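Scroll down for the structure; my scribbles are underneath it.
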Amino acid sequence: MDPIDRKTFLASASAATLSAAAPRAANADTRDAVFLSTWKWGVEANAKAAATFDGGGSLIDAIEKGINVVENDPNVTTVGYGGLPNAEGEVELDAGIMDGTTHRAGSVCNLHKIKNPISVARLVMERTRHTTMAGEGALQFAIAMGFTPMQLLTSRALEAWLKWKNTPDHETFWIGPEHHDTIGMVAATGGRVAAGCSTSGLAWKIPGRVADSPLVGCGYFADDAAGAASATGDGDVMTNYVTSKHIVQKMSEGMHPQEACRDLMRYMAKSARDLRTNMYCVIAIDTRGQVGALSMNAAQPLHYALWRNGQGALHTAEHYL
Ligand code: GLY
């Protein structure tokens, strides 16, 4: 059973979760809702998020449904179904979501066989007193919530894994570079913010690896006192800089989101290794809907999708280095 298409489950879940999520602000209007997402697939994700919001959903509904679009796309090999697997050939997913109004967050890590980890993360936030669930426990929780396990490894991902596995002296992550791009989404309307992200993480990662995406304050953070942020790139390094919390903290001190992103990169540049070869990217939004996006990588700029005033567009982020 496809979690997205399971009308019975969603009908009962949404009745409960909509009441648990922060309701829409009375003055919230689609034209006031701003959605900001990482990478080119953020364009479709934002459009779905905006349509969800326009249809009466909350910001959390919008973020979940927007990110689901990318998780469901087998052509995105770094998120959800079709994501490249770990070193043992198993797709291992991480996701997190946060409501800036309630300051509640939910996340899952090392989740196998469930293609919509952001939806499971949301249920951790709204149906439990926990914040993060991992591995087998997260899978059992998802099953209890009505999700049906499925094979997430597509033939394309299997072929890529076999090629890697059969390459003599293939790279491993005991020490090595990275291959991944996370979908991160932040949103603002009527003084409220929310954030979420979802990833299959590093291709060929050592099983059990957890990086920034499912960790509150690292892969995502949202606080109505200031704004929201999300990160994509080398999560093993970025975790150590608590990137999203850093950016939101700087916005709370009065920085514009773009300057807050620069402040993070300045902080990282003082000590992070390999800044010119690995990839570090962040997006941010404040409660007024002002946005920031920045990448620190000489080879690959961050593309980000922005939805504002009912229209979406893809942009290239400023490079810090
Ligand atoms: N930033 C995603 C990851 O490193 O897994």
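Take the position in the sequence shown, starting the count at 1, then add 75; the result is the number in this note's numbering. We treat Cβ as the ideally placed atom computed from N, Cα and C, and that holds for glycine. Since this is a predicted model, take the numbers as computed values, not measurements.
Taking the C-beta atoms as reference points, G157 is found no nearer than 8 Å to A217.
Annotation for T229: P149, Y156 and G157 place their beta carbon closer than 8 Å to its own, counting only its chain and skipping 5 residues before and after. Judged by pairs of C-beta atoms under 8 Å, the stretch 277 to 296 touches the stretch 193 to 213, as three or more such pairs exist. For the stretch 185 to 224, the continuous alpha helix (DSSP H) assignments of 4+ residues that do not extend past its boundaries occur at 192 to 202 and 210 to 219, in sequence order. If the five residues before and after Y395 are omitted, its C-beta is found closer than 6 Å to the C-beta atoms of M340, L369 and M371, all from its own chain and listed in chain order. When secondary structure is reduced to three states using DSSP, H178 falls in the coil class, being assigned neither helix nor strand. Ranked by Cα distance from K190, the options N143, T176 and G181 are led by N143. Sorting F296, R202, A219 and R267 by C-alpha distance to the C-alpha of H321 places F296 at the top. Excluding the 5 residues flanking it on each side, L389 has same chain C-beta neighbours closer than 7 Å at K115, V118, H378 and A380, in chain order. Judged by beta-carbon spacing, G265 lies beyond the 8 Å limit of G294, meaning their Cβ atoms are not closer than that value. In the structure shown, M340 adopts helical secondary structure according to DSSP, grouped into three states. For the stretch 288 to 343, the continuous beta strand (DSSP E) assignments of 3+ residues that do not extend past its boundaries occur at 295 to 298 and 302 to 308, in sequence order. With a threshold of 7 Å, the Cβ atom of G308 counts as near ligand 1, since some heavy atom of the ligand is closer than that. One alpha carbon belongs to E201, the other to D244, and they sit about 45 Å apart. In the DSSP assignment, G367 falls within the beta strand (DSSP E) that extends over V366 to M371.
When the Cα atoms are used, V317 and R197 turn out to be separated by approximately 21 Å. Under the DSSP assignment, L233 falls in the alpha helix (DSSP H) whose first and last residues are S230 to K240. E119 sits in a helix when the DSSP states are folded into three classes. For D107, the shortest separation between its Cβ and any heavy atom of ligand 1 does not lie below 7 Å.
Sequence-distant partners of D136 (beyond 5 residues in either direction) whose C-beta falls short of 6 Å from its own C-beta, in its chain, are T127. In this structure, A300 and S327 form a Cβ contact; the two beta carbons are roughly 6 Å apart against a cut-off of 8 Å.
Judged by beta-carbon spacing, H178 lies within the 8 Å limit of D298, meaning their Cβ atoms are closer than that value.
Secondary structure at E163: coil, using DSSP grouped into helix, strand and coil.
Going by DSSP, V144 is part of no beta strand (DSSP E) but of the alpha helix (DSSP H) stretching over L134 to E146. For S182 and N241, the gap between their C-alpha atoms comes out near 34 Å. When the alpha-carbon of T176 is set against those of K123, A303 and C184, the nearest one is in A303. Contact between A120 and A262 does not hold, since the beta-carbon distance rounds to 11 Å and is not under 8 Å. The beta carbon of M220 sits closer than 6 Å to those of L198, all from its chain and outside the five residues before and after it, given in chain order. When the Cα atoms are used, A180 and G171 turn out to be separated by approximately 7 Å. At a threshold of 7 Å, G155 does not count as near ligand 1, since its beta carbon sits no closer than that to any of the ligand's heavy atoms. Taken through DSSP and simplified to helix, strand or coil, D129 comes out as helix.
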